[in-house]
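For reference, the structure discussed in these notes is given below.
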Ligand SMILES: [Zn+2]
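Numbering (our numbering), first residue to last: 1 to 396.
Right, here's the structure in full:
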């Protein structure tokens with residue numbers, strides 16, 4: 001038997017049909033560089049030219065607030081929805097988050113202004129080529145040197161160097177985490193427990209410089225979606241809370257300010273049955289030749305045992321059919337899933353096979369990942385429900 005290689009399998013339509021994020025023209029990684037360019041920070045590109053420059057800009061990132069989910073709930077989010085109404089001056093629009101649509105990846109894209117192929121946090125869990133073990137990018141386990149993992153300066157650091165007052169206002173628990181270090185370093189980190197306090201401090205920080213770049217964050221909408229589902233009472237209650245938080249900050253904006261509300265990904269609810277939840281731990285065909293399973297249910301990195309990558313690709317395509325976009329690493333890189341370039345140090349972190357859900361399906365691993373496998377709401381892939389997030393603007 002000869003081992004097959006990716007060359008034996010001409011790229012099926014499915015890989016080419018994946019809707020690649022709008023890197024360089026309307027993705028999360030383009031936001032901070034555009035705002036910093038508007039403040040005169042050197043070497044920053046205004047990749048979203050529709051945004052009018054402001055001396056003071058605040059980005060409020062709401063974890064898990066997808067564009068489609070916001071549009072489906074105007075009653076719970078009257079203030080946010082008003083920012084979409086062009087007849088009342090609203091300029092709200094959707095942008096794409098980047099692949100995969102997951103928090104660690106998106107926070108790094110926001111803070112560094114770089115796509116995942118460059119900042120190098122290309123998944124929820126990825127293989128560390130130095131150790132051969134999976135690393136959780138959100139919890140940073142097992143520990144590795146953050147500065148070696150993500151060596152680029154953040155936009156906050158570059159802005160600070162250019163004399164722009166920079167600050168992050170988030171939960172105190174994130175003050176010293178490696179993810180904060182790689183994604184949000186530069187300027188002052190202010191930990192506040194409640195959303196209300198974060199809004200008030202963010203407004204103070206905006207006023208603290210003639211030019212200011214401020215970031216603030218709220219996590220609990222995402223948690224409600226994972227546990228109870230998008231559209232659950234808990235999720236709706238969180239959306240109502242978030243709507244009031246945004247209004248609270250908007251009403252305190254100092255002069256010459258712009259507030260941008262955005263998110264790190266959307267979310268889809270996945271039914272609890274075998275058609276919608278394919279279990280890797282129960283499927284010997286999918287497990288054959290696989291050394292490590294990374295990523296998450298809708299965005300998998302599959303690491304093959306040496307020599308088996310071609311066979312794993314063939315098998316995964318056969319088993320998953322049209323339910324997933326299944327690509328070899330080279331195909332995914334060439335198609336630009338992780339951005340226009342993938343740095344050498346990042347290449348080995350990507351799966352030999354990469355599988356992104358296109359239907360409302362999940363590739364769970366009930367034994368390896370019991371907690372993740374039982375979530376109602378999920379995200380990670382390239383579908384509009386996950387990729388599109390709002391970019392809403394309030395100006396003083
Ligand atoms: Zn999440």
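Ideal placement from N, C-alpha and C gives every residue a C-beta, glycine not left out.
Item	Value
DSSP on residue 272, reduced to helix/strand/coil?	coil
Is residue 125 helix, strand or coil when you go by DSSP?	strand
Confirm the yes/no value for this check: CB of residue 103, any heavy atom of ligand 1, distance under 7 Å.	yes
Along the chain, where does the alpha helix (DSSP H) containing residue 331 start, and where does it finish?	329–335
Would you say the beta carbon of residue 64 comes nearer than 7 Å to a heavy atom of ligand 1?	yes
Could you check the C-alpha separation between residue 107 and residue 288 for me, to the nearest Å?	34 Å
Whole angstroms is fine: what's the gap from residue 333's alpha carbon to residue 16's?	12 Å
Quick one: Cα of residue 191 to Cα of residue 309, how far?	45 Å
Could you check what DSSP says for residue 68 in three-state terms: helix, strand or coil?	helix
In this structure, does DSSP put residue 379 in helix, strand or coil?	coil
Could you tell me whether any non-hydrogen atom of ligand 1 is closer than 7 Å to the CB of residue 379?	yes
Grab the span of the alpha helix (DSSP H) containing residue 82 for me, first residue to last.	78–82
Compute the Euclidean distance between the alpha carbons of residue 6 and residue 361, then round it to the nearest angstrom.	Caution is warranted here: a pLDDT of 45 is assigned to residue 6, below 50, making its placement in the model unreliable, and the coordinate value is therefore given only provisionally. Near 25 Å, if we compare the C-alpha coordinates of residue 361 and residue 6.
Nearest by alpha-carbon distance to residue 50: which of 91, 65 and 32 is it?	91
If you draw a straight line from the C-alpha of residue 1 to the C-alpha of residue 311, how long is it?	Annotation note: pLDDT 39 at residue 1 (below 50); position unreliable, no value reported.
So, under 8 Å CB-CB, residue 112 and residue 154 are touching, yes? Tell me the CB distance rounded to an integer number of Å.	6 Å
When DSSP builds the beta bridges, which residues end up paired with residue 324?	357
Helix, strand or coil: which one does DSSP assign to residue 262?	strand
DSSP state of residue 405, grouped into three classes?	The first residue shown for the chain is 1 and the last is 396, placing residue 405 beyond what the model contains.
Mind checking residue 142: buried by the 16 CB within 10 Å criterion, or exposed?	exposed
With a cut-off of 8 Å on the beta carbons, I'd call residue 375 and residue 226 a contact; round off their distance for me.	5 Å
If you run the structure through DSSP and keep just helix, strand and coil, what is residue 244?	helix
Per the DSSP calculation, residue 43 is bridged to which residue(s)?	Note: residue 43 sits in no beta bridge, so no partner.
Leaving aside the five residues before and after residue 323 along the sequence, list all residues of the same chain whose C-beta is less than 6 Å from its C-beta, in chain order.	359 and 361
How big is the Cα-Cα spacing for residue 398 and residue 307?	This structure does not reach residue 398, given that the chain is present from 1 up to 396, and the question cannot be answered.
With distance defined between alpha-carbon atoms, name the residue in 318, 259, 235 and 261 nearest to residue 283.	318
Hey, how far is the Cα of residue 47 from the Cα of residue 384?	21 Å
Exposed or buried, what is residue 125 when buried is set at 16 or more other beta-carbons lying within 10 Å of its beta-carbon?	buried
Is the separation between the beta-carbon of residue 388 and that of residue 94 shorter than 8 Å?	yes
Report yes if the C-beta of residue 222 is less than 7 Å from at least one heavy atom of ligand 1; otherwise report no.	yes
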